[in-house]
Amino acid sequence: MVKFPSRGCLFGLCLLRMDASSCVFGRPTNFQEIDKSKFARFLAGTLEGFETVRALMGFYGEGNEKDFKNDFKNDRFDNDRIDNNFTTIQVAVLGLGRTGTTSLALAMETLGYRVIHDDEHVLLTDIYHLNEEEEITDDEFHEIAGRRGFNATFKTGKIWVSRHPEVRAILTVRDSADSYVASWTKAAKFHEYIRLRPYRWMPTVRELMPSFDAEYLDEPTSGDPAKYLDEETLRNGYASYITSVREMIPEERLLVFNVKQGWEPLCRFLDKPVPEGVPFPHVHDRVKLQGEMFVIYLITWIWPLAIVLPLLVPAFLFFRHSR
């Protein structure tokens with residue numbers, strides 16, 4: 673199955689801003705975001721947190737989703753329908769969350785790729801659902817994604833990549849398993865929070881929960897979901913995942929990449945020139961993540977106000993008028 677919207681940093685899911693002629697996604701554009709003060713980074717995180725809450729409530733922006741259900745006739749893809757920006761998936765990034773995937777997504781956009789990362793799922797919600805329901809195959813999913821103009825994906829499983837020798841694979845890694853665990857355990861609290869009210873009532877959350885479970889509970893733990901916050905389990909899961917990707921993808925089309933390595937190995941692997949005068953992006957640090965998580969968790973405490981206030985205000989006005 674194709675990976676469903678999750679979170680290398682899921683919070684980018686709906687920072688989507690569009691005009692009639694182009695798509696401008698909410699992925700950070702400040703290449704040296706880490707140079708900001710801690711307060712500024714925390715504040716930026718809270719803003720992303722509010723946008724994520726809106727996303728979970730279903731506010732993706734009007735008119736941005738395409739429905740390709742009618743593209744399938746007699747159980748086959750209707751190849752006569754082609755978007756003007758038709759392409760194919762050329763690169764798949766297979767790294768776990770919190771291994772630098774957002775920084776790499778921004779870097780690949782700089783190199784000219786149009787990527788499927790957290791921000792882009794709003795354009796693909798329909799086919800993710802069809803794939804989850806097994807109404808379309810993984811191959812059909814990727815074909816449609818290409819028809820929508822995407823040529824690189826961060827949301828594809830290693831099994832599909834192993835079956836497609838034309839696709840290059842990038843495995844993002846951290847300096848060590850310990851650094852991965854320290855970062856991931858903070859991000860994984862998102863899964864706890866969306867199981868609380870009011871998130872668990874939201875249709876978007878209910879629809880995505882099976883995939884959230886797979887992304888947060890199963891994949892990082894090598895199938896031991898009860899221990900998804902256990903550090904030793906996560907260390908072993910991280911090592912096991914890296915080993916499985918290396919065993920499954922041939923060396924000649926796999927780049928094991930730490931974003932600290934910068935442009936050189938990435939551009940060499942992708943046959944792209946190194947951007948002149950452009951620093952390699954480094955985004956989504958821990959302070960910003962804390963800001964995001966603060967807002968997500970805050971909503972679980974203050975949501976009753978959304979019910980109480982609309983009742984209290986008319987009551988207050990009524991009694992005031994009757995005096």
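The sequence shown lines up with residues 673 to 995 when you count with the working numbering.
Positions of the beta carbon are idealized from the N, C-alpha and C atoms, including for glycine.
Counting along the chain, no alpha helix (DSSP H) covers THR828, and no H or E run does either. In the DSSP secondary-structure assignment, PHE711 is not bridged to any residue.
ILE842 is bridged by DSSP to VAL765 and LEU927. Remark: fewer than three beta-carbon pairs, one from each stretch, lie closer than 8 Å, so the region 776-783 and the region 855-865 are not flagged as touching. Between PRO875 and GLY963, the CB-CB gap reaches or exceeds 8 Å. Distance check between VAL787 and each of GLY818, ASP798 and THR797 places GLY818 closest, using alpha-carbon atoms only. Rounded to whole angstroms, the gap between the alpha carbons of GLU792 and THR905 is 31 Å. Non-local beta-carbon contacts of ALA764 in its own chain, meaning distances under 7 Å to residues more than five positions away in sequence, involve THR825, THR828, VAL833, VAL839 and ALA841 in chain order.
Taken atom to atom, the span from the alpha-carbon of LEU776 to that of VAL931 is near 7 Å. Nearest to ILE968 by alpha-carbon distance, out of LEU901, LEU766, HIS954 and ARG872, is ARG872. If you ignore the 5 residues before and after ARG770, its C-beta comes within less than 6 Å of the C-beta of SER855, TRP856 and ALA859, all in its own chain and listed in chain order. A direct Cα-to-Cα measurement between LYS708 and ILE799 gives close to 38 Å.
VAL853 is classed as buried because its beta carbon has at least 16 other beta carbons within 10 Å across all chains shown. A residue is called buried once 16 or more other Cβ atoms fall within 10 Å of its Cβ, and PHE988, having fewer, is exposed. Excluding its 5 nearest sequence neighbours in each direction, ILE831 has no C-beta neighbour in its own chain below 6 Å.
When the beta-carbon positions are compared, PRO882 and LEU889 stay at least 8 Å from each other.
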